[in-house]
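> So the mapping is simple: the numbering used here equals the position in the sequence shown, first residue as 1, plus 23. For glycine and all other residues, C-beta sits at the position ideal for the given N, C-alpha and C. Following this message is one structure expressed as structure tokens.
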Amino acid sequence: MQAGAKLPDVTFHTRVRDDSLGGDNPFTWEDKTTADYFAGKRVVLFALPGAFTPTCSTYQLPGFENNYAEFQDLGVDEIYCMSVNDSFVMNKWAQMQGIEKIKVIPDGSGEFTRRMGMLVRKDNLGFGLRSWRYAAVVNDGVIEAWFPEPGLCDNHGEDPYGVSSPETLLNYLRDAAKQQAA
24 MQAGAKLPDV
34 TFHTRVRDDS
44 LGGDNPFTWE
54 DKTTADYFAG
64 KRVVLFALPG
74 AFTPTCSTYQ
84 LPGFENNYAE
94 FQDLGVDEIY
104 CMSVNDSFVM
114 NKWAQMQGIE
124 KIKVIPDGSG
134 EFTRRMGMLV
144 RKDNLGFGLR
154 SWRYAAVVND
164 GVIEAWFPEP
174 GLCDNHGEDP
184 YGVSSPETLL
194 NYLRDAAKQQ
204 AA
């Protein structure tokens with residue numbers, strides 16, 4: 024992927040709260056498409072190897088959540104976190120992390136991630152197929168700026184983090200805003 028590329032068209036199988044159901048598990052299935060998430064909006068998308076993993080839970084997800092207002096001030100409508108995890112896992116992780124602003128997108132089958140060219144094997148960690156860590160600024164379904172971590176490969180011995188950090192994207196957005204104002 025690179026700037027200027029259109030996001031792949033896929034359907035995500037999500038679980039959404041429906042209080043009319045009552046009970047302990049008031050959630051129902053809802054299919055959402057790439058267009059549902061990205062059409063007509065400028066968003067930050069960041070993807071990571073797995074919910075509940077250390078870097079994702081300690082730095083990346085909280086960093087985007089804590090800086091949400093500044094992202095909005097810089098012209099971002101939404102921030103999405105994606106992982107090759109199912110909707111149950113993504114929803115529980117967001118709940119346990121106290122996430123209120125970031126929306127999680129489950130790519131349970133890895134289809135979106137595969138079509139982005141970011142699906143990697145993490146068998147060395149017992150994970151199977153997962154997403155390589157990356158972030159992007161996406162404008163109406165087209166990648167405006169692309170931030171993949173270096174070293175994309177199967178069974179990487181490390182988990183690079185920095186290029187896809189909230190700080191990196193904020194710096195990009197600040198610079199873009201300055202250029203637009205000039």
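Ignore the nearest five residues each way along the sequence and tell me which others in L195's own chain have a CB closer than 6 Å to its CB.
Numbered from 1 along the sequence shown, position 172 holds the residue referred to as residue 195. According to the sequence shown, residue 195 is Tyr rather than Leu. Result list for Y195: A168, in chain order.
> Shortest alpha-carbon distance to E93 belongs to which of W116, T136, K124 and F111?
For the purposes of this step, residue 93 is identified with residue 70 of the sequence shown, where counting begins at 1. That would be K124, whose Cα lies nearest to the Cα of E93.
> Where does M119 land, buried or exposed, given buried means 16+ other C-beta within 10 angstroms?
Locating residue 119 in the sequence shown gives position 96, counting from the first residue. M119 comes out exposed.
> Taking only three categories from DSSP, how would you classify R156?
Working through the sequence shown from its first residue, we reach residue 156 at position 133. Note: R156 maps to coil in three-state DSSP.
> So which of E53, V67, P183 and K115 has the shortest CA-CA distance to A158?
For the purposes of this step, residue 158 is taken as residue 135 along the sequence shown, with counting starting at 1. The shortest Cα separation from A158 among E53, V67, P183 and K115 belongs to V67.
> Should V165 go down as buried or exposed, given a rule of 16 or more other Cβ atoms within 10 Å for buried?
For the purposes of this step, residue 165 is identified with residue 142 of the sequence shown, where counting begins at 1. Classification for V165: exposed.
> What runs of the beta strand (DSSP E), each 3 residues or longer, lie entirely inside the stretch 89 to 138?
DSSP runs (the beta strand (DSSP E)) wholly in the stretch 89 to 138: 101 to 106 and 126 to 129.
> Helix, strand or coil: which one does DSSP assign to N194?
Locating residue 194 in the sequence shown gives position 171, where the first residue counts as 1. The answer is helix: DSSP assigns N194 an H, G or I state.
> From A117 to S110, what does the alpha carbon distance come to, in whole angstroms?
Position 94 of the sequence shown, counting from 1, holds the residue named residue 117. Position 87 of the sequence shown, counting from 1, holds the residue named residue 110. Taking the straight line from one Cα to the other gives about 10 Å.
> Would you say the stretch 84 to 100 touches the stretch 129 to 136, given that touching needs at least three Cβ pairs under 8 Å?
As far as the Cβ criterion goes, the stretch 84 to 100 does not touch the stretch 129 to 136, which means the pair count is below three.
> Tell me the DSSP secondary structure of T78 in three-state form.
Sequence index remark: in the sequence shown, residue 78 carries index 55 (1-based). Helix, per DSSP.
> Could you compute how far the alpha carbon of G73 sits from the alpha carbon of P173?
Within the sequence shown, numbered from 1, the residue matching residue 73 stands at position 50. Within the sequence shown, numbered from 1, the residue matching residue 173 stands at position 150. G73 and P173: Cα-Cα distance of roughly 18 Å.
> Could you say which of D47, A205, R138 and R153 lies nearest to M24 if we only look at CA atoms?
Residue numbering aside, residue 24 sits at position 1 when the sequence shown is read from its first letter. Nearest of D47, A205, R138 and R153 to M24, Cα basis: R138.
> Which first and last residues belong to the alpha helix (DSSP H) in which D59 is found?
Here residue 59 corresponds to residue number 36 of the sequence shown, with the count starting at 1. T57 to F61 is the extent of the alpha helix (DSSP H) around D59.
> At which residues does the beta strand (DSSP E) containing H36 begin and terminate?
For the purposes of this step, residue 36 is taken as residue 13 along the sequence shown, with counting starting at 1. Unbroken beta strand (DSSP E) run through H36: T34 to R40.
> Which whole-angstrom value describes the C-beta separation of F50 and D59, a residue pair presumed to lie in contact below a C-beta threshold of 8 Å?
Taking the sequence shown and counting its residues from 1, the one referred to as residue 50 is at position 27. Taking the sequence shown and counting its residues from 1, the one referred to as residue 59 is at position 36. That pair is no contact at about 18 Å.
> Could you check if T56 is buried or exposed, using at least 16 other CB atoms within 10 Å of its CB as the buried criterion?
The residue given as residue 56 occupies position 33 in the sequence shown. Exposed is the call here.
> Using a Cβ-Cβ cutoff of less than 6 Å, which residues in the same chain neighbour V161 once the five nearest sequence positions on both sides are dropped?
The residue you call residue 161 lines up with position 138 of the sequence shown. F61, V66 and L68.
> Just to confirm my understanding: we take W155, look at its own chain, exclude 5 residues before and 5 after, and list those with CB closer than 6 Å. What are they?
Here residue 155 corresponds to residue number 132 of the sequence shown, with the count starting at 1. So the qualifying residues of the chain are M141, V143 and L175.
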